[in-house]
């Protein structure tokens, strides 16, 4: 039997229409789709003939679960099927891609990786706050607020720093940011459910970042610190802390949808 | 007259099929598309009814040119048209988005930003080298090798650092990396024309990075330094310097295309 193929596809931050055309085409050709949690059900419409297998991992997945996913990938590919491994965001950024590529290399199975929109980019787009700024914002760093050992990390290494998966740890992240040398008045933008119609953005400072926790509770959040958190000059002002103001981001998207029939 | 709308769309790294579905839909609804150089002509098929206006900027664009682009955006939107401003990669990363958003805010014109795949992600996908690695690669930084003042910068701030627009300055970048504290044996992966069928990847060390210049001459390149430059364990070995080995990346993509009729 001809061995199958595994295509890793970045689904983007969640909403189905932020997948790439190449990713959508891979889905349309898939026999099996292995997917995590947090995926827009509308993605299923792109791959109606595929078998969808939920292998959801959330937060601190354990190695047993990863081994099971690796084994499933190999098993399906070895029966000659075209397997799409659908990952949130971009597969190469906090996607645990390495372990799965290793398992497939060990089994001699060909792979393809289709990139996707990582959450930091969707948060910047929704909030219209570019991560790089002329003259002042020349570097961007992406990191998780938590290490594998559940130890909260922070740093001050780039003009703009974006933290993934910081949701429940915002007050602790703020303390670490101060310890890393960021001033208490450094602007911080928190965006939850980036890319979705109900995306929310709020403005904070490092000192008051903890206030964002309740606002974005239960919603996947991205925390942007530094120059890239600032609103663009001339844009409508957004309310300031201590009353973090929610900014409904769906407005512009609805306008867009209604622009043309 | 109802004012128009400007939609900034990240086209991805170049190949038309790396645009998002949302970006493609915005193109399909556009009256006018303002685009830069380096864009896949196949994108035009997505917006056949739009007027395509080339506002190409390359390298060190001057402020005069930026002002002209700003004025064009405002002019077209003020006549009630739906304008797509198509940008390579992601608009929020090295896309000069801030200036254009400011000009539109000043004119009171509504905007939307659709994120895209930034080049670092496409390079990681093509080379199957995840930017984050379990335990060892927890942070990624994105920066340009050149500042606006054409002064070459480098740093050692994250486990993996990705440099954009380093093409002609690789030997100089290597010297700066050494000065920033990276060891001469640090792995470096260079990918040019990421996301395209003729994408090329080569392996180097910081010490020998200069050798990549001829190999990738004239092709937009991304330089990845550190943990994220390492091949995944078990994957077929890639030739080592001093004879930088070109790795044809189209192979897997052709396999994929032929998998299904």
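Residue numbers (this note's numbering), protein chains in the order written: chain Z, 1 to 261; chain S, 1001 to 1261.
Every residue, glycine too, gets a C-beta built ideally from N, C-alpha and C.
Quick one: list the residues of chain A neighbouring residue i, beta-carbon separation under 7 Å, in chain order.
| i | result |
| --- | --- |
| residue 1094(S) | Any reference to chain A falls outside this structure, whose protein chains are Z and S. |
Please state whether the Cβ-Cβ distance between residue i and residue j is less than 8 Å.
| i | j | result |
| --- | --- | --- |
| residue 1104(S) | residue 1120(S) | no |
| residue 225(Z) | residue 136(Z) | no |
| residue 1235(S) | residue 101(Z) | yes |
| residue 1139(S) | residue 141(Z) | yes |
| residue 20(Z) | residue 1117(S) | yes |
| residue 90(Z) | residue 10(Z) | yes |
| residue 46(Z) | residue 77(Z) | no |
| residue 286(Z) | residue 74(Z) | What the structure shows of chain Z is the stretch from 1 to 261, and residue 286(Z) is not part of that stretch, so it cannot be assessed. |
| residue 8(Z) | residue 97(Z) | yes |
| residue 1115(S) | residue 125(Z) | yes |
| residue 134(Z) | residue 1099(S) | yes |
| residue 1157(S) | residue 233(Z) | no |
Below 7 Å on C-beta distance, what does residue i contact in chain Z?
| i | result |
| --- | --- |
| residue 1044(S) | Result: empty, since nearest Cβ-Cβ is about 14 Å, beyond 7 Å. |
| residue 1234(S) | 102, 105 and 106 |
| residue 1090(S) | 121 |
| residue 1113(S) | 125 and 128 |
| residue 1097(S) | 130 |
To the nearest angstrom, how far is it from the Cα of residue i to the Cα of residue j?
| i | j | result |
| --- | --- | --- |
| residue 1222(S) | residue 1123(S) | 7 Å |
| residue 195(Z) | residue 1113(S) | 10 Å |
| residue 176(Z) | residue 209(Z) | 11 Å |
| residue 1004(S) | residue 1111(S) | 9 Å |
| residue 42(Z) | residue 213(Z) | 29 Å |
| residue 144(Z) | residue 188(Z) | 16 Å |
| residue 94(Z) | residue 1026(S) | 29 Å |
| residue 37(Z) | residue 67(Z) | 17 Å |
| residue 1150(S) | residue 1160(S) | Bear in mind that a pLDDT of 45 at residue 1150(S), under 50, signals an unreliable position, so the model cannot answer this. |
| residue 253(Z) | residue 1081(S) | Caution is warranted here: a pLDDT of 44 is assigned to residue 253(Z), below 50, making its placement in the model unreliable, and the coordinate value is therefore given only provisionally. Going by the C-alpha atoms only, they are around 16 Å apart. |
| residue 1193(S) | residue 1163(S) | 14 Å |
| residue 1198(S) | residue 1050(S) | 29 Å |
| residue 217(Z) | residue 166(Z) | 11 Å |
| residue 207(Z) | residue 185(Z) | 6 Å |
| residue 1231(S) | residue 1211(S) | 19 Å |
| residue 55(Z) | residue 1055(S) | 46 Å |
| residue 2(Z) | residue 48(Z) | 24 Å |
| residue 1203(S) | residue 1070(S) | 40 Å |
| residue 1028(S) | residue 1040(S) | 16 Å |
| residue 6(Z) | residue 65(Z) | 19 Å |
| residue 229(Z) | residue 215(Z) | 17 Å |
| residue 1079(S) | residue 1205(S) | 54 Å |
| residue 92(Z) | residue 1092(S) | 19 Å |
| residue 1174(S) | residue 174(Z) | 35 Å |
In chain Z, which residues lie with their C-beta within 9 Å of the C-beta of residue i?
| i | result |
| --- | --- |
| residue 1073(S) | By Cβ distance, chain Z contributes nothing, its closest Cβ being about 14 Å from residue 1073(S), past 9 Å. |
What residues from chain S crowd round residue i, counting only those whose CB sits closer than 7 Å?
| i | result |
| --- | --- |
| residue 109(Z) | Under the 7 Å cutoff, chain S gives no residues; its nearest Cβ is about 11 Å from residue 109(Z). |
| residue 22(Z) | 1017 and 1018 |
| residue 11(Z) | Residues of chain S passing the Cβ test: none, with the nearest at roughly 11 Å. |
Output, in chain order, the set of chain S residues within a Cβ distance shorter than 9 Å of residue i.
| i | result |
| --- | --- |
| residue 203(Z) | Those within 9 Å of residue 203(Z) in chain S number zero; the least Cβ separation is about 16 Å. |
Below 8 Å on C-beta distance, what does residue i contact in chain S?
| i | result |
| --- | --- |
| residue 222(Z) | Chain S residues near residue 222(Z): none, gap ~12 Å exceeds 8 Å. |
| residue 25(Z) | 1017 |
Since residue i meets chain Z, which of its residues come closer than 8 Å, beta carbon to beta carbon?
| i | result |
| --- | --- |
| residue 1197(S) | Those within 8 Å of residue 1197(S) in chain Z number zero; the least Cβ separation is about 12 Å. |
contact_flag[the segment 6-17 of chain Z, the segment 1129-1145 of chain S] where n(CB pairs < 8 Å) is 3 or more: Contact between the segment 6-17 of chain Z and the segment 1129-1145 of chain S is absent, because fewer than three Cβ pairs lie under 8 Å.
Contact set between the segment 117-144 of chain Z and chain S, restricted to residues whose Cβ is under 7 Å from the partner: If the cut-off is 7 Å between Cβ atoms, the segment 117-144 of chain Z has 117, 118, 121, 122, 124, 125, 128, 130, 131, 132, 133, 134, 135, 138, 139, 140, 141, 142, 143 and 144 near chain S.
Specify whether the segment 1168-1178 of chain S and the segment 176-184 of chain Z touch according to this definition: at least 3 beta carbon pairs, one from each stretch, less than 8 Å apart. Counting Cβ pairs under 8 Å, fewer than three are found: no touch.
So, do the segment 32-45 of chain Z and the segment 76-85 of chain Z have three or more beta carbon pairs nearer to each other than 8 Å? Judged by Cβ distances under 8 Å, the segment 32-45 of chain Z makes contact with the segment 76-85 of chain Z, as three or more pairs qualify.
In chain order, what residues of the segment 157-189 of chain Z put their CB closer than 7 Å to some CB of chain S? Answer set for the segment 157-189 of chain Z: 157 and 158.
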